Ligand SMILES: Nc1ncnc2c1ncn2[C@@H]1O[C@H](COP(=O)(O)OP(=O)(O)OP(=O)(O)O)[C@@H](O)[C@H]1O
Ligand SMILES: [Mg+2]
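Protein chains in written order, with our numbering: chain A, 3 to 237; chain B, 97 to 340.
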């Protein structure tokens, strides 16, 4: 009844294996760059969201609502197909010389994820007792320096579990980059499938790789939580 | 050193500081006492502008706190503040708690900052705790570290808001001892506290507050022997009774 013949050798060695591996590298690169950038941008947006200066706060609020409530795919297409039409020529020339697909994917993933990260960090900051800010201010730190040295380091540590989620989401979302031709894992799996018609093997391999990356991220973050975070609890 | 001139403060409709006039000289040790809610915390928190005042004038080290030109962060660096709940930074070791502000605000090198921190830790009797985190210390130890953290900035004034009232009885003594040494070294101190033994031994003046006003102001012998107001008498009776 089952006429399909499994051929696992296709994805464990040879040319197609190399494709999968190269897709893996691109997925890792895309995710790592976007995770780092979205974390930094998320921090900045979170700080702006808590600013005492109203226009700054409102801008951050608008940013959050806008990017959290638009589909990621739309944002990826916007940066890839839409952005160069409004950018100045110089910027365009430069961009075209770069890996434009990759850049557009990084920008979209970064901005989209930063909105979620900012909200997580903000609720982390909210859970730090207000006395910490008072202690910092009473030593002579300005508001921003108190945030930098005392509040955010504690808030980020508390935010680790939701951050793991955001990083995992980002990594999984990075597969959408195939739609604009970034040769990441899904793109390569699709390639393997269309050259060999071995879709089951190709996508199984991709699935396994995604699961492995997820486990690695979760493992690293949990280790961090255990080694760094736990000793600080129970103040 | 610190001068209140007709200072008022409201929390919405609540008149927490009502026409405060007070002058604390350099090197003086003043203990503030009074019933709960009388405005003691608010009073000392105005001195480093943790609570801004609404009316009147407050001069600290010759500078007007309500003056826009006064650099408030610089002022605060000159004033140590010790909280009832210690408020150490839980993510930093004891040593880093003490060196953070000296390195970032006073721009000391790490080596100098650490040397100074160790000197202070010896002074409060905790040199072996340098690498511990606050959560690993007892309340009394945390409060002594908090005092060392305040002293590291070489402040001109030290403010204490009920520094021993969150402590188990057996730890109160060790913290009071550090404060007594500090008082004898000539530090200008304002201490909100109901530790009357401390007040009697080292303070120059006791201030009794009630309903946001300073009701009584006297050297300790006089205050204990001969309180003027009924409210103060009542308060003393309560606080000194063995049942308390
Ligand atoms: N941030 C605030 N907002 C509104 N009301 C406040 C605030 N802080 C203090 N109060 C009120 O102001 C009054 C004086 O408070 P304060 O903390 O100065 O009293 P206290 O003498 O230190 O009392 P305790 O001995 O309980 O510490 C109290 O009635 C308190 O509830
Ligand atoms: Mg109080």
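Ideal placement from N, C-alpha and C gives every residue a C-beta, glycine not left out. Given the structure is predicted, the values throughout are model-derived calculations rather than measurements.
*Hey, is residue 304(B)'s beta-carbon within less than 8 Å of any beta-carbon in chain A?*
no
*residue 136(A) versus chain B: which residues are under 9 Å apart at the beta carbon?*
141, 146, 177, 179, 183
_Residue-level contact to chain D via CB, residue 244(B), 8 Å cutoff_ = The structure shown contains no chain D; the protein chains it does contain are A and B.
*Under 8 Å between beta-carbons, which chain A residues line up against residue 173(B)? List them in chain order, please.*
141, 142
*Can you tell me which of 275(B), 289(B), 268(B) puts its alpha carbon nearest to the alpha carbon of residue 283(B)?*
275(B)
*Do residue 109(A) and residue 181(A) have their C-beta atoms within less than 8 Å of each other?*
no
*Counting pairs of Cβ atoms below 8 Å between the region 214 to 231 of chain B and the region 299 to 319 of chain B, do you hit three or more?*
no
*Does the Cβ of residue 177(B) lie closer than 7 Å to at least one heavy atom of ligand 1?*
no
*Check the C-beta distance from residue 70(A) over to residue 62(A) and give it rounded, since I have them as a contact under 8 Å.*
About 12 Å; that fails the 8 Å criterion.
*Bridge-paired residues (DSSP) for residue 255(B)*: 177(B), 286(B)
*Could you tell me which chain A residues have their CB closer than 8 Å to the CB of residue 201(B), listed as they occur along the chain?*
141, 142, 143
*asked:* Tell me which residues of the region 186 to 219 of chain B have at least one Cβ-Cβ distance to chain A shorter than 7 Å, keeping chain order.
replied: 186, 187, 196, 197, 200, 201
*Within 8 Å of chain B by C-beta, residues of the region 145 to 169 of chain A in sequence order*: 147, 151, 152, 155, 156, 159
_According to DSSP, residues forming a beta bridge with residue 312(B)_ = 304(B)
*Give the range of the alpha helix (DSSP H) segment to which residue 10(A) is assigned.*
No alpha helix (DSSP H) holds residue 10(A); DSSP gives it neither H nor E.
_Continuous beta strand (DSSP E) stretch holding residue 111(B): start and end_ = 110 to 120
_Amino acids of chain A, ordered along the chain, whose beta-carbon sits closer than 8 Å to that of residue 249(B)_ = 141, 142
*Considering only C-alpha positions, which residue in the set 10(A), 120(A), 100(A) is nearest to residue 44(A)?*
120(A)
*asked:* Quick check on residue 236(B): does DSSP put it in helix, strand or coil?
replied: helix
_Span separating the alpha-carbon of residue 253(B) from that of residue 171(B)_ = 10 Å
*Go ahead and label residue 113(B) buried or exposed: buried means 16 or more other beta carbons lie within 10 angstroms of its beta carbon, across all protein chains shown.*
buried
_Any heavy atom of ligand 2 closer than 7 Å to the beta-carbon of residue 140(A)?_
no
*Host beta strand (DSSP E) of residue 154(B) (start-end)*: 151 to 156
_Distance between beta carbons of residue 21(A) and residue 213(A), contact taken as under 8 Å_ = Incorrect: roughly 19 Å between the Cβ atoms, too far for contact.
_Rounded to whole angstroms, what is the Cα-Cα separation between residue 112(A) and residue 38(A)?_
9 Å
_C-beta contact flag for residue 166(A) and residue 220(A) at 8 Å_ = yes
*Member of 206(B), 177(B), 132(B), 100(B) whose CA lies at the smallest distance from the CA of residue 307(B)*: 132(B)
_Taking 7 Å as the cut-off, is the C-beta of residue 257(B) nearer than that to any heavy atom in ligand 2?_
yes
*Roughly how many angstroms separate the alpha carbons of residue 95(A) and residue 105(A), rounded to a whole number?*
14 Å
_Below 7 Å, is the gap between the Cβ of residue 136(B) and the nearest heavy atom of ligand 2?_
yes
*Within 10 angstroms of its Cβ, does residue 138(B) collect 16 or more other Cβ (buried), or is it exposed?*
buried
*With 8 Å set as the bound, which would you pick, yes or no: does the beta-carbon of residue 170(B) sit closer than that to a beta-carbon of chain A?*
yes
_Cβ of residue 133(A) within 8 Å of any chain B Cβ_ = yes
*asked:* Let me check you understand the geometry: is the CB of residue 100(B) closer than 7 Å to at least one non-hydrogen atom of ligand 1?
replied: no
*Using CA coordinates, which residue listed in 125(A), 185(A), 197(A) is at the minimum distance from residue 159(A)?*
125(A)
*For residue 199(B), I'd like the list of residues in its chain whose CB is within less than 6 Å of its CB, leaving aside the five on either flank, ordered along the chain.*
209
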